[in-house]
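Numbering (our numbering), first residue to last: 8 to 473.
Notes to accompany the following structure.
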């Protein structure tokens, strides 16, 4: 029989309640206790630890030097009473999951007095949260595929606690003035696991949209009497057509405040003097127009109401007409993210992206990707100058993004570029991503897989999840 040793857990009665653990002796260090009659107290008691099979992962000397939990260590003690001698040996098995060992206890004559086979596992606990304010709700669904994916790497993800509600936010805004900080506070307040579970706990949050606001400047110019496909003039209004979606339909308060609009000007330049007459458009004269291009939104046109001042410019027979507008757009979309606001490890996945429901395959990729970050992927332990490296094993040759602001390649955080190539000049990715830890769910129509690549797989097994 092979027993499971949960190497990342402390010896706590809370963990022992789990059916797959059963005793706190199955947590942390493995203890061998052998009793001898007092008159036969061992003089040269020994234990032998032998790796089983060829699938165990091993650490380099440098990895062991960085993190003592990567090492195999023994600590022996003995207790003698009038009747018996108890020999107690504490064995710290390396932090990796999926390693198998045969543990043998031998007396001074070399006789095996006890033996057991051990397989190492790691366990993390997660509490589900969903956005719900009674009117708007993001439903929570089962995360069985995320659990199954982690289990393949000897990480048990166990759901604990009741599903908690956090305030509904239509969009988690990632821009500088966004509400991501408030979202983090919401999650921290709702996180209600026991102290033991929190030590190795995750908040798994179902959210609506995750987006970044950016600005766009629109400029068009043509001779009076001419035309431009991005400027449509009628008897009552002027329509400007943008190449990107406006920041509209992502936050009710922002919509009410016309957060999508900054300013707009229409001008006419005299062909001889080059002097310009201009009219600044009032906020009240601007509105969203056109039809939505996605299921739940996606507008890219504004309508400007004409007045006498504008008519004078637009009806001119000569001169150069000029149109300028500065608007706020949805400049970036995020499927999910992993974060630690105030000591709470949270992962979140959006229900929708670019005003469409997120495809099931993309959602699966996102949960696996974000919990992978929580595990410590992509590891960069050999990049010793980077914060957090000490606890991690060495990274794969396909690592990028561990040095924030230096090698991000348009993504945030440590990722794997297996199968993909980045052009620093154009800032465009090409190729076919081959790892779930690529920094996006795909390149064009080439979807990233939902599993780790061959370079990352052994590293996941080596992670210290304590």
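Glycine included, each C-beta is placed from N, C-alpha and C at the ideal position.
* Asked: Since residue 274 sits in a beta bridge, which residues does DSSP pair it with?
  -> 285 and 329
* To do: Kindly give me the distance between the Cβ atoms of residue 414 and residue 402, rounded to whole angstroms, as I take these residues to be in contact under 8 Å.
  => Wrong, their Cβ atoms sit about 12 Å apart, outside the cutoff.
* **Exposed unless 16 or more other CB atoms sit within 10 angstroms - verdict on residue 468** => buried
* Asked: Roughly how many whole angstroms lie between the Cα atoms of residue 259 and residue 178?
  -> 10 Å
* Round the Cβ separation of residue 19 and residue 163 to the nearest angstrom and send it over; I've been treating them as touching at under 8 Å. => Contact doesn't hold; Cβ gap of about 16 Å is too wide.
* Near residue 363, which residues of its chain fall below 6 Å by C-beta distance, leaving aside the five closest residues on each side in sequence? -> 301 and 302
* Close-in-space but distant-in-sequence residues of the same chain around residue 405 (CB under 6 Å, 5 per side omitted) -> 423, 424, 425 and 462
* Contained beta strand (DSSP E) runs [length at least 3] in the segment 66-140, N- to C-terminal order -> 80-87, 91-99, 107-113 and 119-138
* Which word fits residue 229, buried or exposed, when buried means at least 16 other C-beta atoms lie within 10 angstroms of its C-beta? -> exposed
* Could you tell me whether the segment 121-131 touches the segment 94-106, where touching means 3 or more Cβ pairs closer than 8 Å? => yes
* Asked: Under 7 Å, do residue 82 and residue 97 count as touching if we go by C-beta distance?
  -> yes
* Does the beta carbon of residue 58 sit closer than 7 Å to a beta carbon anywhere in chain B? -> Among the protein chains of the structure shown there is no chain B, as only one such chain exists.
* Asked: Between the segment 194-202 and the segment 234-245, are three or more C-beta pairs nearer than 8 Å?
  -> no
* To do: In angstroms with no decimal places, state the Cα-to-Cα distance between residue 296 and residue 310.
  => 6 Å
* Asked: What residue range is occupied by the uninterrupted alpha helix (DSSP H) comprising residue 21?
  -> 20-23
* Asked: In the structure shown, what three-state DSSP assignment does residue 301 receive?
  -> coil
* Asked: From 335, 436, 21 and 450, pick the residue whose C-alpha is nearest to that of residue 270; which is it?
  -> 335
* Would DSSP call residue 476 helix, strand or coil? -> Lying outside 8 to 473, the shown extent of the chain, residue 476 is not represented and no answer is given.
* Asked: Is residue 253 closer than 7 Å to residue 267 when the C-beta atoms are compared?
  -> yes
* To do: Give the DSSP bridge partners of residue 474, in chain order.
  => The displayed coordinates of the chain run from 8 to 473. Any statement about residue 474 would go beyond what the structure contains.
* **With 16 other Cβ atoms within 10 Å as the buried cut-off, status of residue 352** => buried
* Asked: Can you name, in chain order, every residue of its own chain whose Cβ lies under 6 Å from the Cβ of residue 331, other than the five neighbours on each side?
  -> 226 and 272
* Can you have a look at residue 391 and say buried or exposed, based on whether 16 or more other CB atoms are within 10 angstroms of its CB? => exposed
* To do: Would you mind stating whether residue 341 and residue 217 have Cβ atoms separated by less than 7 Å?
  => yes
* Opening and closing residue of the beta strand (DSSP E) in which residue 5 lies -> Lying outside 8 to 473, the shown extent of the chain, residue 5 is not represented and no answer is given.
* **Endpoints, the alpha helix (DSSP H) within which residue 164 is located** => That residue, residue 164, is in no alpha helix (DSSP H); its beta strand (DSSP E) goes 162-166.
* At which residues does the beta strand (DSSP E) containing residue 212 begin and terminate? -> 208-214
* Asked: On the three-state DSSP scale, how would you describe residue 235?
  -> strand
* Name the two residues that bound the continuous alpha helix (DSSP H) containing residue 199. => Neither: residue 199 is in no alpha helix (DSSP H) and is coded neither H nor E.
* At a cut of 8 Å, does the segment 155-172 reach the segment 304-323 through at least three beta carbon pairs? -> no
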